[in-house]
Amino acid sequence: MKQLVAFDLDGTLAESKQPLKDDMGEAIADLLGVAHVAVISGGDWPQFEKQVASRLPARADLSRLWLMPTTGTKLYVHRDRWDTVYAELFDDRQKARILAAFDQALEATGFVPEQTWGERIEDRGSQITFSALGQQAPIHAKEKWDPDFAKRRIIQADLRDRLPGLSINMGGATSIDITREGVDKAYGLKRLRDESKIPLEAMMFIGDAIFPGGNDYPAKELGLDTVRVRDPEETLAVIAAIVACQK
Numbered sequence: 082m083k084q085l086v087a088f089d090l091d092g093t094l095a096e097s098k099q100p101l102k103d104d105m106g107e108a109i110a111d112l113l114g115v116a117h118v119a120v121i122s123g124g125d126w127p128q129f130e131k132q133v134a135s136r137l138p139a140r141a142d143l144s145r146l147w148l149m150p151t152t153g154t155k156l157y158v159h160r161d162r163w164d165t166v167y168a169e170l171f172d173d174r175q176k177a178r179i180l181a182a183f184d185q186a187l188e189a190t191g192f193v194p195e196q197t198w199g200e201r202i203e204d205r206g207s208q209i210t211f212s213a214l215g216q217q218a219p220i221h222a223k224e225k226w227d228p229d230f231a232k233r234r235i236i237q238a239d240l241r242d243r244l245p246g247l248s249i250n251m252g253g254a255t256s257i258d259i260t261r262e263g264v265d266k267a268y269g270l271k272r273l274r275d276e277s278k279i280p281l282e283a284m285m286f287i288g289d290a291i292f293p294g295g296n297d298y299p300a301k302e303l304g305l306d307t308v309r310v311r312d313p314e315e316t317l318a319v320i321a322a323i324v325a326c327q328k
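Numbering of the sequence shown is given in the working numbering, commencing with residue 82 and proceeding in unit increments.
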């Protein structure tokens, strides 16, 4: 039996940047009845609050929920309210270097979409995120732009040449996340182990990007039991199976 089940967010628990649907909120509440639950993803806390924290039913045991924005470089737990356990931030010099590299990489690779919605680069403090179509792009446009990750693999390779010493991973439907060297979901899960006192062998991870270069793959490399899902509908089925087994 597993003590903790960790999830990716976009593409796994919800559609890109969308709130959990009611059935997913209920499923997470069911899972919290038999195990700890963690959510680790590239979005910052406001996105987590909108997508997850505000979407759970009153019966959910929030004391067993661990929310890890910006690829685990931040951790929030519920103690009457949501509190920050830690937050690791880039300094101004590092941020300027990353932003310049994004501009150079996009020009070099030529992946300039015909239309964008909102800002394409977001400073999340401990993570810089590039969203190819902009932060407010509609889901239908995101799903069509890079469904096989091929465009982002080329941009990712260019950025790795320009930014040695940083972690550069694909996430969501159109995003590339940059964190400090060694900071990926494996790093976040190890921090979670230290804070929760739950050993890695007692955890499992569920995500839609568990493949080389995907931002969920470090969980597999860390040695966790993993389940790759296609979409939130498949995640619902996996959660139901886990709850049944844990009971």
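We put the CB at the ideal spot given by N, CA and C, even for glycine.
Can you tell me the Cα-Cα spacing of residue i and residue j, whole angstroms?
i	j	result
residue 213	residue 243	18 Å
residue 177	residue 215	19 Å
residue 101	residue 151	18 Å
residue 240	residue 225	23 Å
residue 202	residue 211	5 Å
residue 163	residue 289	27 Å
residue 295	residue 138	31 Å
residue 310	residue 180	32 Å
residue 115	residue 328	7 Å
residue 166	residue 155	7 Å
residue 170	residue 149	14 Å
residue 316	residue 209	28 Å
residue 142	residue 161	12 Å
residue 186	residue 194	14 Å
residue 182	residue 220	27 Å
residue 254	residue 227	7 Å
residue 293	residue 129	25 Å
residue 344	residue 229	Here the chain has residues from 82 to 328 only, and residue 344 is not among them.
residue 262	residue 190	23 Å
residue 134	residue 147	10 Å
residue 298	residue 291	4 Å
How would you write the range of the beta strand (DSSP E) that residue i sits in, first residue to last?
i	result
residue 113	First-last for residue 113: 103–113, but that is the alpha helix (DSSP H), not the beta strand (DSSP E).
residue 147	146–149
residue 307	306–309
residue 131	Here residue 131 belongs to no beta strand (DSSP E); instead the alpha helix (DSSP H) covers 126–132.
residue 252	247–252
Under 8 Å from any heavy atom of the ligand PLP, does the C-beta of residue i make it?
i	result
residue 323	With respect to small molecules bound, the structure shown includes none, and the ligand PLP cannot be examined in it.
I believe residue i touches residue j by the beta-carbon criterion, under 8 Å. Please report the beta-carbon distance rounded to the nearest angstrom.
i	j	result
residue 159	residue 279	That belief does not hold up - the Cβ atoms of residue 159 and residue 279 are roughly 17 Å apart, past 8 Å.
residue 113	residue 145	5 Å
residue 140	residue 106	That belief does not hold up - the Cβ atoms of residue 140 and residue 106 are roughly 10 Å apart, past 8 Å.
residue 273	residue 300	No, residue 273 and residue 300 are not in contact; Cβ-Cβ is about 11 Å, not under 8 Å.
residue 320	residue 108	5 Å
residue 249	residue 259	5 Å
residue 123	residue 256	6 Å
residue 198	residue 157	28 Å between Cβ atoms; not a contact.
residue 63	residue 119	The structure shown does not extend to residue 63, since the chain is modelled only from 82 to 328, so the question has no answer here.
residue 111	residue 324	5 Å
residue 238	residue 207	Their Cβ separation, rounded to whole angstroms, is 24 Å, which puts residue 238 and residue 207 out of contact at 8 Å.
residue 306	residue 92	Wrong, their Cβ atoms sit about 20 Å apart, outside the cutoff.
residue 99	residue 132	7 Å
residue 87	residue 251	Residue 87 to residue 251, Cβ: 18 Å. No contact.
Grouping DSSP H, G and I as helix and E and B as strand, with all else coil, what is residue i?
i	result
residue 207	coil
residue 172	coil
residue 328	coil
residue 242	helix
residue 340	The requested residue 340 does not occur in the structure, where the chain is confined to residues 82 to 328.
residue 91	strand
residue 118	strand
residue 155	strand
residue 319	helix
residue 165	strand
residue 212	strand
residue 85	strand
Between which two residues does the alpha helix (DSSP H) harbouring residue i extend?
i	result
residue 225	220–226
Every unbroken alpha helix (DSSP H) within the segment 256–304, with a cutoff of 4 residues, ordered by chain | You should have 266–277, 298–302.
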